[in-house]
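*Asks:* Chains A and B are the protein sequences, given in the same order.
The opening position of the first sequence corresponds to residue 90 in the working numbering, with each subsequent residue numbered one higher.
The opening position of the second sequence corresponds to residue 6 in the working numbering, with each subsequent residue numbered one higher.
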Amino acid sequence: MAMSEKFDSLEEHLEKFVENIRQLGIIVSDFQPSSQAGLNQKLNFMVTGLQDIDKCRQQLHDISVPLEVFEYIDQGRNPQLYTKECLERALAKNEQVKGKIDTMKKFKSLLIQELTKVFPEDMAKYKAIRGEDPPP
Amino acid sequence: RGQWEHGGAGRAGQAGKMENFSALFGGAEQPPPAAAAALGFGPAKAAGAGAAPPPAASAAASAAPPAPGEGKAAAAGPFYLLRELPGSTELTGSTNLITHYNLEHAYNKFCGKKVKEKLSNFLPDLPGMIDLPGSHDNSSLRSLIEKPPICGSSFTPLTGTMLTGFRLHAGPLPEQCRLMHIQPPKKKNKHKHKQSRTQDPVPPETPSDSDHKKKKKKKEEDPERKRKKKEKKKKKNRHSPEHPGVGSSQASSSSSLR
Numbered sequence: 090m091a092m093s094e095k096f097d098s099l100e101e102h103l104e105k106f107v108e109n110i111r112q113l114g115i116i117v118s119d120f121q122p123s124s125q126a127g128l129n130q131k132l133n134f135m136v137t138g139l140q141d142i143d144k145c146r147q148q149l150h151d152i153s154v155p156l157e158v159f160e161y162i163d164q165g166r167n168p169q170l171y172t173k174e175c176l177e178r179a180l181a182k183n184e185q186v187k188g189k190i191d192t193m194k195k196f197k198s199l200l201i202q203e204l205t206k207v208f209p210e211d212m213a214k215y216k217a218i219r220g221e222d223p224p225p
Numbered sequence: 006r007g008q009w010e011h012g013g014a015g016r017a018g019q020a021g022k023m024e025n026f027s028a029l030f031g032g033a034e035q036p037p038p039a040a041a042a043a044l045g046f047g048p049a050k051a052a053g054a055g056a057a058p059p060p061a062a063s064a065a066a067s068a069a070p071p072a073p074g075e076g077k078a079a080a081a082g083p084f085y086l087l088r089e090l091p092g093s094t095e096l097t098g099s100t101n102l103i104t105h106y107n108l109e110h111a112y113n114k115f116c117g118k119k120v121k122e123k124l125s126n127f128l129p130d131l132p133g134m135i136d137l138p139g140s141h142d143n144s145s146l147r148s149l150i151e152k153p154p155i156c157g158s159s160f161t162p163l164t165g166t167m168l169t170g171f172r173l174h175a176g177p178l179p180e181q182c183r184l185m186h187i188q189p190p191k192k193k194n195k196h197k198h199k200q201s202r203t204q205d206p207v208p209p210e211t212p213s214d215s216d217h218k219k220k221k222k223k224k225e226e227d228p229e230r231k232r233k234k235k236e237k238k239k240k241k242n243r244h245s246p247e248h249p250g251v252g253s254s255q256a257s258s259s260s261s262l263r
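1) Spell out whether any CB of chain B is found under 9 Å from the CB atom of Ala-179 of chain A.
2) Are the CB atoms of Asn-129 of chain A and Phe-171 of chain B within a distance shorter than 9 Å?
3) Can you tell which of A:Lys-216, A:Gln-112 and A:Ala-181 has its C-alpha closest to the C-alpha of Ile-201 of chain A?
4) How about Lys-95 of chain A and Gln-148 of chain A: do their beta carbons lie closer than 9 Å?
5) Under 9 Å Cβ-Cβ, which residues of chain A neighbour Leu-87 of chain B?
6) For Lys-195 of chain A, which three-state DSSP category applies?
7) Under 6 Å Cβ to Cβ from Ser-257 of chain B, same chain only, skipping five residues before and after it: list those, please.
8) So, for Glu-157 of chain A: in the same chain, excluding its five sequence neighbours on each side, which residues have a beta-carbon less than 8 Å away from its beta-carbon?
9) Which term fits Asp-143 of chain A, buried or exposed, when burial requires 16 or more other beta carbons within 10 angstroms of its beta carbon?
10) Classify Asp-97 of chain A: buried if its beta carbon has 16 or more other beta carbons within 10 angstroms, exposed otherwise.
11) List, in order along the chain, the chain A residues whose C-beta lies closer than 8 Å to that of Pro-162 of chain B?
12) Run through DSSP, which three-state label would Gly-165 of chain B get?
13) Looking at chain D, is there any beta carbon in it that lies within less than 9 Å of the beta carbon of Leu-96 of chain B?
14) Would you mind reading off the limits of the alpha helix (DSSP H) that contains Cys-145 of chain A?
15) Please list the terminal residues of the continuous alpha helix (DSSP H) segment that includes Leu-113 of chain A.
16) Using alpha carbons as the reference points, say which of A:Val-107, A:Ile-152, A:Leu-132 and A:Leu-103 lies closest to Thr-169 of chain B.
17) For chain B, check one thing: does any of its Cβ atoms lie closer than 9 Å to the Cβ of Leu-149 of chain A?
18) Closest Cβ-Cβ distance between Pro-138 of chain B and chain A: below 9 Å?
19) Taking the alpha carbon of Leu-100 of chain A as the reference point, which residue from B:Gly-139, B:Met-134, B:Gly-157 and B:Asp-130 has its own alpha carbon closest?
20) Less than 9 Å separating the beta-carbons of Gly-114 of chain A and Leu-137 of chain B?
21) Whole angstroms is fine: what's the gap from Thr-137 of chain A's alpha carbon to Glu-122 of chain B's?
22) Could you check what DSSP says for Gly-98 of chain B in three-state terms: helix, strand or coil?
23) By Cβ distance, which residues of its chain are closer than 6 Å to Met-212 of chain A, with the 5 residues on each side in sequence left out?
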């Protein structure tokens, strides 16, 4: 089963479950004796709904959710903000590391350049072993 | 550094310099100076107050046989502890990792435009006041993980006798309980949607779709809504309410009343 199908199935069951609960809430909010049969039906739908959701568990055992996402949901915040912040943090860190790597490359190049002036023979040997470094 | 400063003078100094130079490029595998001396690669510091080794020591250094595991160093001429450079294929921070993992679409989707702050924007169809913190009504997901409910491993349908426990009294719920089903922030959000729509000529894909549907639904249900309102008023006046929404269609229409 494709990844999206797995989620679609769970989503569908969750939506049905939520809708059933909502209808149950409406029945209960202004209860009439004649509504008892409908209420009983809804209660059993709730049980079957939970059974259906539980069945989805088998298909989704390989899915892991970061705990931080729950923090967002618990605070009533959009969990997409977590994804957004993760991506932004990843990019910022990526840029920072790239900056460090580039600086180190420049430093190496300058060091080799300066060492070549002082130790031309040794540096020639060094370059023979290492090969010419590409410019940073 | 002291050795570097000293070393510019003579041949002996040169050897000392080379030692440090190699160590500079050696990286993490450098042995401590004492260990290097023991292996015969470098002069012992006790040889002199200065860092520059005597010529004899440097000669010993060049003549010393390579220690076990130093075969590579021997091949590297005067340089020892020379590590191999990391392969160019190795993935590092110098590459754009977002592009590397094909996440540009996700990046543009989430970072290109403003993501709405509230949970109700993410789950617009979910009833209830979901924007409130979960700690308020003890409905947080974290509490579900930290204190999982004590229950059986399977769900069994309710039998007739069990269902007798769900016999309710006729009549409406008290006001404070009814509030649970009312979603005042949603109305505000709808206005906000409208505002943002006027500001942004190109709205995001998914929300615009749902908005469109909502709008359509609203239009379709408008006359029906008025009719239902009238009916409800009549119901209240008569004190003889009909059977509330058991069917899905009835329920959904009553939801629009809220």
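Each residue gets a CB set at the ideal place from its N, CA and C atoms; glycine is no exception.
*Replies:* Put simply:
1) As a first step, residue 179 of chain A is located in the first sequence; it is residue number 90 there, counting from the start. Answer yes: the Cβ-Cβ gap between Ala-179 of chain A and chain B drops below 9 Å somewhere.
2) Translated into the one-based positions of the second sequence, residue 171 of chain B becomes position 166. Translated into the one-based positions of the first sequence, residue 129 of chain A becomes position 40. Yes, they are a contact pair.
3) Position 112 of the first sequence, counted from the first residue, corresponds to residue 201 of chain A. Proximity to Ile-201 of chain A across A:Lys-216, A:Gln-112 and A:Ala-181 peaks at A:Lys-216, based on C-alpha coordinates.
4) For this step, residue 95 of chain A is matched to residue 6 along the first sequence. For this step, residue 148 of chain A is matched to residue 59 along the first sequence. Yes, the pair counts as a contact, with Cβ atoms nearer than the cut-off.
5) Position 82 of the second sequence, counting from 1, holds the residue named residue 87 of chain B. Per Cβ cutoff of 9 Å: Tyr-215, Ile-218 and Arg-219.
6) The sequence position of residue 195 of chain A within the first sequence is 106, counting from 1. DSSP places Lys-195 of chain A in the helix class (H, G or I) of the three-state scheme.
7) Counted from its first residue, the second sequence places residue 257 of chain B at position 252. Residue placement at Ser-257 of chain B is flagged as unreliable, the pLDDT there being 38, under the threshold of 50; the coordinate-derived value follows with that caveat. Nothing meets the Cβ criterion.
8) Position 68 of the first sequence, counted from the start, is the residue given in the question as residue 157 of chain A. Non-local beta-carbon contacts of Glu-157 of chain A in its own chain, meaning distances under 8 Å to residues more than five positions away in sequence, involve Tyr-171 in chain order.
9) Numbered from its first residue, the first sequence carries residue 143 of chain A at position 54. By the neighbour-count rule (16 or more Cβ atoms within 10 Å), Asp-143 of chain A is not buried but exposed.
10) Position 8 of the first sequence, counted from the start, is the residue given in the question as residue 97 of chain A. Counting Cβ neighbours within 10 Å, Asp-97 of chain A comes out exposed, since fewer than 16 surround it.
11) What you label residue 162 of chain B is simply residue 157 of the second sequence in a count that begins at 1. Residues of chain A passing the Cβ test: Asn-133, Val-136 and Thr-137.
12) Numbered from its first residue, the second sequence carries residue 165 of chain B at position 160. Three-state result, Gly-165 of chain B: helix.
13) Of the protein chains in this structure, namely A and B, none is chain D.
14) Translated into the one-based positions of the first sequence, residue 145 of chain A becomes position 56. Note, Cys-145 of chain A: alpha helix (DSSP H), 125–148.
15) By 1-based counting over the first sequence, the position of residue 113 of chain A is 24. Element bounds for Leu-113 of chain A: 92–118.
16) As a working note, residue 169 of chain B is residue 164 in the second sequence. Cα-wise, what sits closest to Thr-169 of chain B is A:Leu-132.
17) Here residue 149 of chain A corresponds to residue number 60 of the first sequence, with the count starting at 1. Leu-149 of chain A does not count as touching chain B.
18) By one-based count along the second sequence, residue 138 of chain B stands at place 133. Yes, because at least one Cβ of chain A sits closer than 9 Å to the Cβ of Pro-138 of chain B.
19) Here the question's residue 100 of chain A lines up with position 11 in the first sequence. Looking at the sequence shown, residue 100 of chain A is not Leu but Glu. The option with the nearest alpha carbon to Glu-100 of chain A is B:Asp-130.
20) Along the first sequence, one-based indexing puts residue 114 of chain A at 25. Along the second sequence, one-based indexing puts residue 137 of chain B at 132. Their beta carbons are not under 9 Å apart, which means Gly-114 of chain A does not touch Leu-137 of chain B by this criterion.
21) Here residue 137 of chain A refers to the residue found at position 48 when the first sequence is read from its first residue. Here residue 122 of chain B refers to the residue found at position 117 when the second sequence is read from its first residue. So the alpha carbons of these two residues sit roughly 34 Å apart.
22) The residue labelled residue 98 of chain B in the question sits at position 93 within the second sequence. DSSP places Gly-98 of chain B in coil when its eight states are reduced to three.
23) Residue 212 of chain A sits at position 123 when you count from the first residue of the first sequence. Cβ within range, chain order: Leu-204 and Thr-205.
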